[in-house]
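Asks: Each protein sequence line maps, in turn, to chains A and B. Residue numbering for the first sequence follows this note's numbering, starting at 2 and increasing by one per position. Residue numbering for the second sequence follows this note's numbering, starting at 67 and increasing by one per position. Ideal Cβ placement from N, Cα and C applies to all residues, glycine included. My questions all concern the structure below.
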Amino acid sequence: MQPSGCSAIHGDGRNSGVALDRKTVMSVQTLYRLLAMFAVVGFVALILSRAGLTSEWTIRSGQGENRPVKLRVWDWWSPSGNEEYGFYFDGLKTVFERQNPDVEIVFQIVPFGNYVQKLSTAMVGKSPPDVFQSSVYWAEGFYQRGMLRPLNDLLARDPVHEDGSRISEADFLPSAWRHNHTQDGVVYGIPQIIDASCLIWNLDILHKEAAHDQEIRDLFISDSTGVVDYARIRYDAIRDWEHFRRIAKKLTRYDADGRIVQAGFMIHAYGGGAGMFPPWLSANGGQFQDAAGTLVRFDTPAGVEAMEFMAGLYWKDRVCLPFRRQLVDAEQFQEGNVACIAAGTWSGKDIMRNTLGWQHFGKTAFPPGPQGKGYRTVTWGNMLVIARNTPHQEASWRYIKFVCSLEGNLLRLKYLRYPGPRVDFYQTPGWQEALIERPYLSNIKNILLDGDKLRHTEIIAVDHQVNPVIETLLLRYPDIMEGNGPYPSVEAALKQAAYHANRVFDRYNIQVKQWTAREQFEE
Amino acid sequence: MGRSFYRRLTPYLYLAPAMTVIFGFSVVSMGISFYSSFHDYDAFAGASRFVGVDNYLRALFEPDSHFWLAMRNTLFYVVMSVAGVLLTALPLALLCQRIRKGQALFRTLYFLPSITPGVVVALVFFHLFGVWGQVLDNAATALPALAFLGVWSGAGYNMVIFLAGLTDIPRHLYDAAKVDGVDAWGQFRHVTLPMLRNTLVFVTVMTVIGAFQVFTSVYIITGGGPERSTEVITYTIFINAFAVAGQMGYASAMAWLLFAVIFVFVFIQMRIFRSRNVYEG
């Protein structure tokens with residue numbers, strides 16, 4: 002049997018040949034179009050098969066179950082940035098759904114930077130998540146706006162279990178249970194993690210320097226026979242600020258032109274610099290704000306001293322890499338360019354991940370300043386909260402109890418190597434194994450216990466007022482000291498920052514009164 | 067209803083879908099923003115209280131308002147980027163016009179920055195500026211650096227507009243000028259520039275509007291620093307609207323003040339540059 006095109010050639014001569022050519026061309030074009038269409042459809046199908054139309058769709062299609070309660074959980078821990086979060090959420094979902102056959106968990110990941118905006122949109126659109134992780138940055142404000150369900154009645158009626166699944170204040174470290182309630186005792190969140198600012202030391206650099214320097218060798222833990230454990234730094238390794246300054250100087254190396262090739266410490270002049278101010282302030286006996294969130298407390302001699310110490314490390318002692326936006330503390334640390342940085346206690350797992358397993362680093366709290374009393378830092382405990390209007394209050398509470406139970410804490414340890422906010426967590430074999438497996442965790446509990454409460458009221462708005470001042474102080478410190486700077490003195494700069502921050506607090510407190518009045522009126 | 071009625075109705079029906087979208091997503095949201103500017107509005111609570119012109123007065127007169135500082139920075143940015151765009155886009159268009167072969171290639175290459183997402187451009191330039199030293203760490207150089215980025219992004223697009231304008235200039239005007247012995251500079255001054263008047267107005271107005279609304283590069287690269295030297299008005303509006311409790315009304319008031327400033331600028335530009343019908347073909 003011949004193709005129809007061939008019979009056209011034989012039958013119609015030249016004209017048919019033209020018709021054939023056109024037809025052939027048409028068919029090639031059609032083929033290309035079809036291939037292109039298949040490619041597009043295949044590409045779209047590939048994307049959808051991997052990512053799904055929505056996460057809900059993927060989960061539902063994967064499971065094929067139909068559970069009566071679909072619990073929407075928001076978080077900013079994103080598997081797209083770190084696959085370990087994905088494993089953790091999978092583990093959480095598997096165990097919780099096995100224990101609660103009526104509930105289906107639908108995780109929705111919202112980036113930290115957009116969290117407040119997205120939540121705001123969801124609240125106005127009357128479709129907030131049932132339960133979500135709230136940073137201490139926002140939790141107090143969320144509650145004061147009437148967005149969160151108070152949890153006191155749930156805590157009170159909850160029976161006490163011996164298996165560690167109960168939730169009560171006594172189960173948590175004091176440093177964890179203090180961002181989650183008002184001054185008059187209304188609990189609006191349960192801490193699921195505990196974190197603190199800390200100093201992170203590159204033990205490779207310290208080890209190298211320790212070979213010829215007894216003072217640096219003394220920073221490490223040693224046994225009674227004098228054998229030094231170079232994998233662990235002592236919690237009290239640094240005695241005070243002067244000691245820190247001296248050690249940082251010893252760890253700094255310069256090239257022939259006087260440029261720093263290995264920095265003893267690193268200060269970021271921008272957001273990170275401002276973020277570093279509160280723990281140094283705390284170590285000097287100061288506070289950023291009062292407990293009620295109505296007044297700034299950093300414009301004190303302790304604050305001035307902390308600020309001058311930070312600026313002095315950079316400008317006088319020259320132990321820091323140059324101020325440059327593009328230089329990220331963690332990256333410089335991981336590349337071995339810096340001996341010590343200030344960061345969160347959470348960062349250990351990220352350092353290990355980014356350096357493909359390197360864990361020769363250790364953590365300490367901030368040493369006491371001239372006015373300080375002991376090792377201090379600032380701590381925070383991000384929490385799980387329930388949206389006030391969720392129809393799934395019972396399921397939400399069950400979820401929170403599970404995540405914040407000892408079992409939930411151990412799941413986070415297993416997948417994320419996170420220390421837990423619960424007291425009983427630190428007695429578990431799991432934690433003891435983690436300490437052996439990851440020596441950098443060894444000082445964590447002490448650091449967490451020695452922390453003051455991180456500032457908590459309108460943090461982003463206060464940052465907008467205070468950070469530029471701290472930024473200017475760090476960048477223009479020599480000019481300011483010579484009387485040529487934008488501020489006559491460090492003290493004057495902090496006073497101005499405090500004035501603006503207090504204005505934020507004033508406005509916010511008026512706002513809170515309005516919210517409260519409206520809530521009472523609606524009730 | 068006769069045939070002529072339907073004929074008159076037809077264009078409106080064609081316009082209706084686009085108008086619906088514009089009305090729904092622009093006009094209504096502008097209306098809400100205008101309403102919010104007279105209220106103490108909180109997006110979370112979804113409720114508001116009428117405060118009259120307090121938000122406007124606060125933006126304009128309160129000592130801790132950043133409105134004027136942000137407007138000053140924005141104006142500097144506008145001047146630098148408008149001058150930069152005009153001084154690069156027009157010469158590029160003139161050069162491109164002279165190319166006999168490969169004009170489309172150059173046009174495409176120069177146009178590429180315009181279709182590259184702003185966030186990507188900002189991130190690339192963030193690291194490029196790092197290679198060039200402490201550009202972003204100095205209050206004197208940070209804003210010019212952002213303006214440079216703006217010029218780089220906008221020059222190609224405006225070059226294409228100028229190129230279209232240049233193509234519309236009749237050749238015989240240049241021929242006549244040559245016959246009269248006018249040199250290249252004279253031709254540019256007395257033929258090209260006057261004939262490009264409307265294009266120039268368009269490019270200037272659009273660049274001014276775009277420059278007043280600069281946000282992405284500030285948000286991604288500097289966050290308003292160092293020393294608030296790059297805190298532009300849209301950034302201030304954004305921070306107040308989305309990062310500070312209950313300040314949506316205040317942010318809306320600033321947004322409307324920005325609208326008023328842009329309106330005045332554009333109005334003045336249109337008056338100054340209004341076409342005087344130099345040539346009618």
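By DSSP, does Cys199 of chain A sit in helix, in strand, or in coil?
Replies: Indexing the first sequence from 1 puts residue 199 of chain A at position 198. Note: Cys199 of chain A maps to strand in three-state DSSP.
Asks: To the nearest angstrom, report how far apart Phe357 of chain B and Val332 of chain B are at their CA atoms.
Replies: Missing from the structure shown is residue 357 of chain B; chain B here goes from 67 to 347 and no further.
Asks: Does the count of Cβ pairs from the segment 391-406 of chain A and the segment 96-108 of chain A closer than 8 Å reach three?
Replies: Enough Cβ pairs lie closer than 8 Å, so yes.
Asks: What is the residue span of the beta strand (DSSP E) that Ala344 of chain A lies within?
Replies: On the first sequence, position 343 is the one that residue 344 of chain A refers to. Segment Cys341 to Gly345, the beta strand (DSSP E) holding Ala344 of chain A.
Asks: With Ser443 of chain A and Arg240 of chain A assumed to form a contact (beta carbons below 8 Å), what rounded beta-carbon distance in angstroms separates them?
Replies: Taking the first sequence and counting its residues from 1, the one referred to as residue 443 of chain A is at position 442. Taking the first sequence and counting its residues from 1, the one referred to as residue 240 of chain A is at position 239. About 19 Å; that fails the 8 Å criterion.
Asks: Which of helix, strand or coil does DSSP assign to Lys251 of chain A?
Replies: Position 250 of the first sequence, counting from 1, holds the residue named residue 251 of chain A. Residue state, collapsed to three classes: helix.
Asks: Which residue marks the beginning of the alpha helix (DSSP H) containing Asp91 of chain A, and which one marks its end?
Replies: Position 90 of the first sequence, counted from the start, is the residue given in the question as residue 91 of chain A. Per DSSP, Asp91 of chain A belongs to the alpha helix (DSSP H) from Glu84 to Gln100.
Asks: If you check the beta carbons only, do Pro77 of chain B and Asp203 of chain B fall under 7 Å apart?
Replies: Here residue 77 of chain B refers to the residue found at position 11 when the second sequence is read from its first residue. Here residue 203 of chain B refers to the residue found at position 137 when the second sequence is read from its first residue. No, they are not a contact pair.
Asks: For chain A, find out if any of its Cβ atoms is closer than 7 Å to the Cβ of Asp120 of chain B; answer yes or no.
Replies: On the second sequence, position 54 is the one that residue 120 of chain B refers to. It does not; no Cβ of chain A falls within 7 Å.
Asks: Which same chain residues, not among the five before or five after Tyr441 of chain A, have their C-beta less than 7 Å away from its C-beta?
Replies: By 1-based counting over the first sequence, the position of residue 441 of chain A is 440. Once the five neighbours on either side are set aside, the close Cβ partners of Tyr441 of chain A are Gly349, Gln360, Phe362, Gly363 and Lys364.
Asks: Taking the beta strand (DSSP E) that Arg337 of chain B falls in, what are its first and last residues?
Replies: Mapped onto the second sequence, residue 337 of chain B falls at position 271. Taken as a continuous stretch (DSSP letters only), Arg337 of chain B belongs to no beta strand (DSSP E), being part of the alpha helix (DSSP H) at Met314 to Phe339.
Asks: On the criterion of 16 or more Cβ atoms from any shown chain inside 10 Å, does Leu385 of chain A qualify as buried, or is it exposed?
Replies: Translated into the one-based positions of the first sequence, residue 385 of chain A becomes position 384. Result: buried.
Asks: Determine which residues of the segment 73-105 of chain B have a Cβ less than 7 Å from any Cβ of chain A, and write them out in chain order.
Replies: The residues in question: there are none.
Asks: Taking a contact to mean a Cβ-Cβ separation below 7 Å, would you say Ser131 of chain B touches Ala277 of chain B in this structure?
Replies: Within the second sequence, the letter at position 65 stands for residue 131 of chain B. Within the second sequence, the letter at position 211 stands for residue 277 of chain B. Taking 7 Å as the Cβ cut-off, Ser131 of chain B and Ala277 of chain B do not qualify as a contacting pair.
Asks: Quick one: does His501 of chain A have its CB under 7 Å from some CB of chain B?
Replies: If you number the first sequence from 1, residue 501 of chain A lands on position 500. Chain B contact via Cβ: present.
Asks: Bridge partners of Lys454 of chain A, per DSSP?
Replies: Along the first sequence, read from residue 1 onward, the residue named residue 454 of chain A stands at position 453. Looking at the DSSP assignment, Lys454 of chain A forms a beta bridge with A:Thr380.
Asks: Kindly confirm or deny that the segment 188-204 of chain B and the segment 115-126 of chain B touch, where touching means at least three C-beta pairs closer than 8 Å.
Replies: Result no; under three Cβ-Cβ pairs closer than 8 Å.
Asks: Taking the straight line between their C-alpha atoms, what separation do you get for Glu306 of chain A and Ile106 of chain A?
Replies: Indexing the first sequence from 1 puts residue 306 of chain A at position 305. Indexing the first sequence from 1 puts residue 106 of chain A at position 105. So the two alpha carbons sit approximately 50 Å from each other.
Asks: Let me know if Gly259 of chain A comes out buried or exposed under the rule of 16 or more other beta-carbons within 10 Å of its beta-carbon.
Replies: The sequence position of residue 259 of chain A within the first sequence is 258, counting from 1. By the 10 Å Cβ count, Gly259 of chain A comes out exposed.
Asks: In this structure, how does DSSP classify Ala270 of chain A when only helix, strand and coil are distinguished?
Replies: Locating residue 270 of chain A in the first sequence gives position 269, where the first residue counts as 1. If DSSP states are grouped into helix, strand and coil, Ala270 of chain A belongs with coil.
Asks: Based on the DSSP secondary-structure assignment, which residues constitute the bridge partners of Glu105 of chain A?
Replies: Translated into the one-based positions of the first sequence, residue 105 of chain A becomes position 104. Note: Glu105 of chain A sits in a beta bridge opposite A:Lys71.
Asks: Hey, is Phe116 of chain B's beta-carbon within less than 7 Å of any beta-carbon in chain A?
Replies: Reading the second sequence from its first residue, position 50 is the one you call residue 116 of chain B. It does not; no Cβ of chain A falls within 7 Å.
Asks: Is it right to say Gly63 of chain A is buried, meaning 16 or more other beta carbons lie within 10 angstroms of its own, or is it exposed?
Replies: Counting from one through the first sequence, the residue named residue 63 of chain A turns up at place 62. Because the pLDDT of Gly63 of chain A is 48, which lies under 50, any placement of that residue in the model is unreliable, and the question is left without a value.
Asks: Can you give me the start and stop residues for the alpha helix (DSSP H) that Lys364 of chain A sits inside?
Replies: Taking the first residue of the first sequence as position 1, residue 364 of chain A is located at position 363. Counting along the chain, Lys364 of chain A falls outside any alpha helix (DSSP H), though it belongs to the beta strand (DSSP E) covering Phe362 to Thr365.
Asks: Using DSSP with H/G/I as helix, E/B as strand and the rest coil, what is Ala205 of chain B?
Replies: As a first step, residue 205 of chain B must be located in the second sequence, where it is residue number 139. Coil at Ala205 of chain B, not helix or strand.
Asks: Whole angstroms is fine: what's the gap from Thr302 of chain B's alpha carbon to Asn139 of chain B's?
Replies: On the second sequence, position 236 is the one that residue 302 of chain B refers to. On the second sequence, position 73 is the one that residue 139 of chain B refers to. Thr302 of chain B and Asn139 of chain B: Cα-Cα distance of roughly 11 Å.
Asks: Can you name the start and end residues of the alpha helix (DSSP H) that Val262 of chain A belongs to?
Replies: Your numbering for residue 262 of chain A matches position 261 in the first sequence. No alpha helix (DSSP H) holds Val262 of chain A; the beta strand (DSSP E) holding it covers Ile261 to Gln263.
Asks: Quick check: the Cα distance between Arg74 of chain B and Leu81 of chain B, rounded to an integer number of angstroms?
Replies: Locating residue 74 of chain B in the second sequence gives position 8, counting from the first residue. Locating residue 81 of chain B in the second sequence gives position 15, counting from the first residue. Distance between the alpha carbons of Arg74 of chain B and Leu81 of chain B is about 12 Å.
Asks: Say whether the segment 333-345 of chain A touches the segment 508-522 of chain A, bearing in mind that this needs 3 or more beta-carbon pairs closer than 8 Å, one atom from each stretch.
Replies: Contact fails: fewer than three Cβ-Cβ distances are below 8 Å.
Asks: Taking Cβ positions, are Glu459 of chain A and Val505 of chain A nearer each other than 7 Å?
Replies: As a position in the first sequence, residue 459 of chain A is number 458, starting the count at 1. As a position in the first sequence, residue 505 of chain A is number 504, starting the count at 1. Contact flag set, yes.
Asks: Counting contacts by CB-CB distance shorter than 7 Å, is Pro260 of chain B in contact with chain A?
Replies: Along the second sequence, one-based indexing puts residue 260 of chain B at 194. Chain A, which has no Cβ nearer than 7 Å to the Cβ of Pro260 of chain B, makes this no.
Asks: Quick one: which chain B residues come within Cβ less than 9 Å of Phe324 of chain A?
Replies: Counting from one through the first sequence, the residue named residue 324 of chain A turns up at place 323. Simply Gln200, Asp203 and Pro292.
Asks: What residue does the alpha helix (DSSP H) around Asp464 of chain A start on, and which one ends it?
Replies: Walking along the first sequence from the start, residue 464 of chain A turns up at place 463. Start and end: Ile460 to Leu476.
Asks: Could you give the distance in angstroms between the alpha-carbon of Ala84 of chain B and the alpha-carbon of Gly90 of chain B?
Replies: As a working mapping, residue 84 of chain B is identified with position 18 in the second sequence. As a working mapping, residue 90 of chain B is identified with position 24 in the second sequence. Taking the straight line joining both Cα atoms gives about 10 Å.
Asks: Taking a contact to mean a Cβ-Cβ separation below 7 Å, would you say Ile201 of chain A touches Ala177 of chain A in this structure?
Replies: As a working mapping, residue 201 of chain A is identified with position 200 in the first sequence. As a working mapping, residue 177 of chain A is identified with position 176 in the first sequence. Cβ atoms of Ile201 of chain A and Ala177 of chain A: not closer than 7 Å.
Asks: Just by C-beta distance, which residues in the segment 342-369 of chain A are closer than 7 Å to chain B?
Replies: Answer in chain order: no residues at all.
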